[in-house]
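Chemist:
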């Protein structure tokens with residue numbers, strides 16, 4: 054009832070304004086002024102009686118309602134946002150490993166000798182190594198060792214582009230671990246879950262078929278795959294079925 058009355062009064066005001074424009078008067082008749090004033094007075098009375106306000110005003114109840122809605126939406130969306138952030142950190146960590154693979158591959162081609170990327174699965178870290186100083190029986194010993202070490206006659210081996218990173222361990226982002234890695238040597242597949250594992254890159258750009266798994270605290274897993282024929286690496290999100298087939302808990 055109130056809404057219809059207000060709408061009727063507003064239509065009357067609009068009609069008065071249209072008539073004034075139609076007759077193009079330079080002044081407003083006193084009866085029109087009184088009519089318009091009466092209509093506005095009536096609208097004001099209705100608004101006061103029914104608690105209706107203009108668009109510029111908000112009651113405390115309305116503000117509280119908006120805040121409650123925002124709080125509910127935030128509570129609902131926060132788990133998804135946290136999951137997205139964790140997934141992004143996992144992908145970023147995987148991309149850093151891929152970048153290290155690419156660097157090792159490029160250096161093997163440039164310097165004409167095999168380079169390796171060594172992984173410490175227990176300490177969740179990895180580093181670049183050179184075949185000139187690498188011992189396959191003790192991969193962990195390559196951490197902290199570089200090809201730029203003094204010789205017996207105190208002469209330095211020429212410094213290379215890898216001098217600043219060779220043998221320097223890079224830790225994975227906190228909360229990200231290496232549950233396992235699988236490598237293939239001459240048709241023989243070997244899985245490593247603790248200790249050290251490594252991937253080599255030859256001067257002809259070839260490598261070994263390798264899959265390295267990275268996992269975060271939310272048990273999200275990505276697989277970093279190295280193609281033996283090309284030495285190129287890629288990242289793949291793992292489904293529950295793939296994790297089960299790989300023997301990784303999720």
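In the numbering used here, the protein residues as written are 54 to 303. From the three backbone atoms N, C-alpha and C, an ideal C-beta is built for every residue, glycine too.
1) Figure out for me which residue from 189, 138, 257 has the closest Cα to the Cα of residue 285.
2) Is it true that the stretch 234 to 247 meets the stretch 146 to 161, where meeting means three or more beta-carbon pairs spaced less than 8 Å apart?
3) Rounded to whole angstroms, what is the Cα-Cα separation between residue 163 and residue 126?
4) DSSP state of residue 156, grouped into three classes?
5) Span of the alpha helix (DSSP H) holding residue 294?
6) Are the stretch 243 to 252 and the stretch 189 to 196 touching, with three or more C-beta to C-beta distances below 8 Å?
7) Skipping 5 residues on each side, what residues in its chain have a beta carbon closer than 6 Å to that of residue 79?
8) Apply the 10 Å Cβ neighbour rule to residue 219 and answer buried if 16 or more other Cβ atoms are within range, or exposed otherwise.
9) Mind checking residue 290: buried by the 16 CB within 10 Å criterion, or exposed?
10) Mind checking residue 276: buried by the 16 CB within 10 Å criterion, or exposed?
11) Using only alpha-carbon positions, find the residue among 245, 283, 234, 278 that is nearest to residue 255.
12) Please state the DSSP three-state secondary structure of residue 181.
13) Alpha carbon to alpha carbon, how far is residue 171 from residue 150?
14) If you count every other CB in all the chains shown that lies within 10 Å of the CB of residue 121, and 16 or more means buried, which is it?
15) With a threshold of 8 Å on Cβ separation, who are the neighbours of residue 304 within its own chain once the five nearest residues in sequence on each side are excluded?
16) I need the boundaries of the beta strand (DSSP E) containing residue 250, first residue and last residue.
17) Would you kindly work out how many angstroms separate the C-alpha atoms of residue 296 and residue 274, rounded to a whole number?
18) Does the Cβ of residue 231 have 16 or more other Cβ atoms within 10 Å, making it buried, or fewer, making it exposed?
19) Less than 8 Å between the CB atoms is what I'm expecting for residue 143 and residue 267, so what's the real figure, rounded?
Modeler: On the basis of the data shown:
1) That would be 257, whose Cα lies nearest to the Cα of residue 285.
2) No, they do not touch.
3) 54 Å
4) helix
5) 293 to 299
6) yes
7) Low confidence applies here, because residue 79 scores a pLDDT of 44, under 50, leaving its location unreliable; read the following figure in that light. Nothing listed; no residue qualifies.
8) buried
9) exposed
10) buried
11) 283
12) Residue 181: strand per DSSP, three-state reduction.
13) 11 Å
14) exposed
15) With the chain covering only 54 through 303, there is no way to say anything about residue 304.
16) Residue 250: member of the beta strand (DSSP E) spanning 249 to 254, first to last residue.
17) In this structure, the alpha-carbon of residue 296 lies about 8 Å from that of residue 274.
18) buried
19) 6 Å
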